[in-house]
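K.L.:
There's a structure below that I have some questions on.
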Amino acid sequence: MRIVLIGQAAFGAEVLKRLLEKGEEVVAVYVPPDVPGAKGDPLKSLAAERGVGIRQPVRMRGPGVFKDFARLRPDLAVMAFVTDIVPQSILACPRLGTIQYHPSLLPRHRGG
388 MRIVLIGQAA
398 FGAEVLKRLL
408 EKGEEVVAVY
418 VPPDVPGAKG
428 DPLKSLAAER
438 GVGIRQPVRM
448 RGPGVFKDFA
458 RLRPDLAVMA
468 FVTDIVPQSI
478 LACPRLGTIQ
488 YHPSLLPRHR
498 GG
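Take the sequence shown: its letters are residues 388 to 499, numbered as in our numbering.
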């Protein structure tokens with residue numbers, strides 16, 4: 388199954404690690420752009436270490452992002468610690484849809 392992971396930070400890295408341990412084919416990760424002077428993103432680092440393609444659009448709604456995403460032909464998208472608004476076109480693109488992981492009970496412990 389072709390999976391695209393959208394996420395960031397240690398939470399996203401842990402999801403990638405588990406998917407790869409299960410033998411899933413993660414074809415790309417989408418992570419936020421690097422911030423000059425900031426610590427590197429653990430998800431991006433793990434993806435690079437494991438040879439998974441890395442995409443860093445400024446915004447998931449940005450020009451060309453959907454076209455690039457669709458070219459990956461994902462069966463499933465997994466979101467893990469996403470702070471950007473992901474358009475419905477991307478959420479609906481994978482053959483099996485999109486799964487959103489959240490580290491706490493919703494809506495009680497939602498972010499900002």
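Backbone N, C-alpha and C define an ideal beta-carbon position, used for all residues, glycine too.
Because the structure is a prediction, the values reported are computed rather than measured.
On a CA-only basis, which of Gln475, Val465, Leu493 and Pro474 is nearest Phe398? Give me that one, please.
P.N.:
It is Val465 whose Cα lies nearest to the Cα of Phe398.
K.L.:
Taking Cβ positions only, does His489 come closer than 9 Å to chain B?
P.N.:
Protein chain content of the structure displayed is limited to a single chain, and chain B is not contained in it.
K.L.:
So what's Gly440 in DSSP terms, helix, strand or just coil?
P.N.:
The answer is strand: DSSP assigns Gly440 an E or B state.
K.L.:
Please identify the residue among Arg446, Ala415 and Gly438 whose C-alpha is closest to the C-alpha of Asp421.
P.N.:
The shortest C-alpha separation from Asp421 is found at Arg446.
K.L.:
Determine the extent of the alpha helix (DSSP H) in which Ala457 is found, giving its start and end residues.
P.N.:
From DSSP, the alpha helix (DSSP H) with Ala457 extends over Val452 to Arg458.
K.L.:
What is the C-beta distance between Arg389 and Arg460, in whole angstroms, given that I count them as a contact (C-beta under 8 Å)?
P.N.:
The pair is a contact, with the Cβ atoms about 6 Å apart (cut-off 8 Å).
K.L.:
Report the residue ranges of all alpha helix (DSSP H) runs contained in full by the region 388 to 446; include only those spanning at least 4 residues, in chain order.
P.N.:
If we require 4 residues or more, the alpha helix (DSSP H) runs fully inside the region 388 to 446 come out as 396 to 408 and 429 to 437.
K.L.:
Taking only three categories from DSSP, how would you classify Ile486?
P.N.:
If DSSP states are grouped into helix, strand and coil, Ile486 belongs with the strands.
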